[in-house]
Structures are given as structure tokens and as C-alpha cells.
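Numbering (this note's numbering), first residue to last: 11 to 313. Note that CB positions come from ideal geometry on N, CA and C, so glycine has one too. A short worksheet on the structure shown next.
So this is what it looks like as C-alpha cells:
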């Protein structure tokens with residue numbers, strides 16, 4: 011990667027994080043965050059995604075980097091939204107067998123934000139058969155196991171067995187790739203690499219499989235203007251050592267940059283959606299653009 015290319019990719023990350031900073035109020039937890047009928051996907055999920063991406067960006071950038079400064083500021087904001095962790099403890103008491111509080115907490119814990127009382131309470135519940143036997147899809151199960159590790163819960167878990175039950179871990183026929191499989195495989199890689207922070211977490215056979223088929227899948231998603239999934243696949247390409255130089259199709263980042271609007275927002279697919287659903291249809295893809303761009307630029311020449 012040339013210095014010019016790295017600079018262009020960094021601009022994607024810079025614009026995306028600037029959008030997130032400008033829209034931080036939309037990531038804030040509302041009064042329904044602890045409600046029994048609250049919509050988790052509209053409260054805790056956006057905040058957790060913000061924390062997860064910003065935690066990875068801070069690890070991929072030096073402290074003096076403006077990207078690092080912006081991501082650190084957003085992380086501090088996310089932690090304040092949880093009452094410095096107190097809301098996790100309340101959630102654990104309200105929904106002791108829900109995994110999403112631990113998954114959100116784990117993203118913040120990876121950045122050094124911890125709440126010992128919550129970790130102790132969750133560790134108690136995690137020792138129950140009810141917690142261990144909660145039925146989950148393999149990719150989600152793998153994510154929960156990794157969240158447990160981040161949250162201070164250590165057990166002899168059948169990680170390899172769980173991995174091999176995921177879509178990617180089973181090395182399926184490449185022509186069976188479609189949207190849900192794409193999101194499943196990206197998250198398997200994110201879990202194995204600690205969201206781009208740990209090289210060497212992907213087994214050799216999976217790396218070889220991705221080396222063969224990731225370029226075609228990514229090219230297909232870009233052609234379909236599936237910007238959100240394209241950014242996740244770009245993050246995979248930046249997270250797995252040993253992939254060929256042509257794992258990312260030529261012009262991929264130029265297409266992502268062109269799809270961003272002037273504010274730095276990136277729609278999930280196609281063109282911008284209904285203005286009334288603007289945040290819902292932009293926040294995840296915009297965060298994924300920042301995530302993938304920061305990881306990719308970190309591989310290139312210093313800028």
C-alpha cells in the first residue's frame with residue numbers, strides 16, 4: 011500500500027468517526043434501556059457497536075493520532091452512558107441469563123473500562139447450567155465465549171468444537187455464500203482475532219479458504235452495493251495475516267469513499283434510505299467503514 015492509498019483510506023475512517031461524534035446523541039441510552047419491553051436493537055446494540063469499533067480503532071492507532079483521540083473520546087462517552095458500568099449490574103439483576111449485557115460490557119472492558127461488581131455477579135450466573143446450556147447459533151455462541159474471556163470469566167470451553175459448527179469453520183462450498191453467511195463468517199473472524207487486535211487467531215485451513223474466496227465474495231458485495239457487508243469483509247481482509255495482496259479488489263476503497271455522503275455517513279446498502287430511518291440505516295455501516303479503514307491503514311505506510 012502506498013502512502014497516498016493509506017491517506018485516502020484514513021480519510022474514510024476520519025469522516026466516519028466524525029459522523030459518529032456528531033451523532034453521539036443518537037447512540038445515547040434512552041429511558042427504555044432498562045425497560046422489560048425495551049428495544050435492545052435500538053438502545054444497547056448501537057452503543058455496543060460504537061464501543062467495539064472505537065476500542066479496536068484505539069488499539070490500531072498511536073495515541074497522538076487524531077483517529078485515536080476521537081475514538082477514545084467516544085469510548086469515554088459510551089462508558090458514561092452505562093453509568094460507569096452501574097447499568098450493567100442493574101441489567102444483570104433484571105435479566106440474569108441475557109447475554110447481550112456481557113457482550114456490550116466486553117467491548118468496553120477490552121478498552122480498559124471495568125466494573126468489578128458486575129463481573130463478579132456475571133461470573134456467579136455463568137457457573138449455572140442454565141447459562142451454559144442456553145441455546146445459541148454457533149457464531150453467537152463463539153462470540154459469547156469470547157465475551158466471557160474479556161469479562162473475566164475463564165473456563166475450559168470447547169472453542170474449537172464451536173468454531174467448526176459455524177458456517178466459516180465448516181469450510182462450505184463457496185457458492186453457498188449469501189448475506190447471512192457473509193455476516194456469520196465476518197463475525198467468526200472478528201471473534202477469533204479479538205476484533206482485529208490479535209494476529210494469528212484464525213486457523214491455517216480457514217486462512218487458506220479465505221485467501222481463495224474472499225476476493226470474489228467482496229467483489230460481489232461491492233457490485234451489489236452492499237456497503238455494510240463490504241466493509242465487514244474489508245475488515246476481515248485487514249485482520250487475517252497471510253491473505254494475498256489481491257484479496258481486496260482494485261478500487262474497493264474508492265467505491266466505499268464514493269458511497270459516503272459529505273458528512274461521512276455510509277448507507278447500509280445502495281443509496282441513502284428514508285430520512286426518518288436515517289440513523290438506523292447508517293450507523294452500523296458507518297462504524298464498519300471506520301473499523302475496516304483504521305485496520306487497513308494501519309497495515310500501510312506511515313502517514
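- request: Could you pull the start and end residues of the alpha helix (DSSP H) that residue 273 belongs to?
  value: Neither: residue 273 is in no alpha helix (DSSP H) and is coded neither H nor E.
message: My output table needs one value for residue 298: the three-state DSSP class, helix, strand or coil.
response: helix
- request: Output the distance between the C-alpha atoms of residue 227 and residue 153, rounded to the nearest integer angstrom.
  value: 23 Å
Other residues of its chain near residue 311: CB distance less than 7 Å, five sequence neighbours each side excluded: Its pLDDT being 32, under 50, residue 311 is placed unreliably in this model, and the value from its coordinates should be taken loosely. These residues qualify, in order along the chain: 11, 12, 13 and 16.
task: Give the range of the alpha helix (DSSP H) segment to which residue 110 is assigned.
output: 110-119
query: Taking one C-beta from the region 218-225 and one from the region 246-260 each time, how about it: are there three or more such pairs within less than 8 Å?
result: yes
- prompt: In chain order, what residues of the same chain have a beta carbon less than 8 Å from the beta carbon of residue 313, not counting five sequence neighbours either side?
  reply: Note on residue 313: pLDDT 30, under 50, position unreliable in the model; the coordinate value appears next. Excluding positions up to five away in sequence, the list reads 13, 16, 17, 20 and 307.
query: For the alpha helix (DSSP H) that residue 288 lies in, which residues bound it at each end?
result: From DSSP, residue 288 is part of no alpha helix (DSSP H); its letter is neither H nor E.
message: Taking the beta carbon of residue 294 as the centre, do at least 16 other beta carbons fall within 10 Å, making it buried, or is it exposed?
response: buried
- prompt: Between the Cα of residue 225 and the Cα atoms of 62, 262 and 118, which residue gives the shortest distance?
  reply: 262
task: Provide the residue span of the alpha helix (DSSP H) that contains residue 187, from first to last.
output: Per DSSP, residue 187 belongs to no alpha helix (DSSP H) and is neither H nor E.
Reduced DSSP secondary structure (H/G/I, E/B, other) of residue 147: coil
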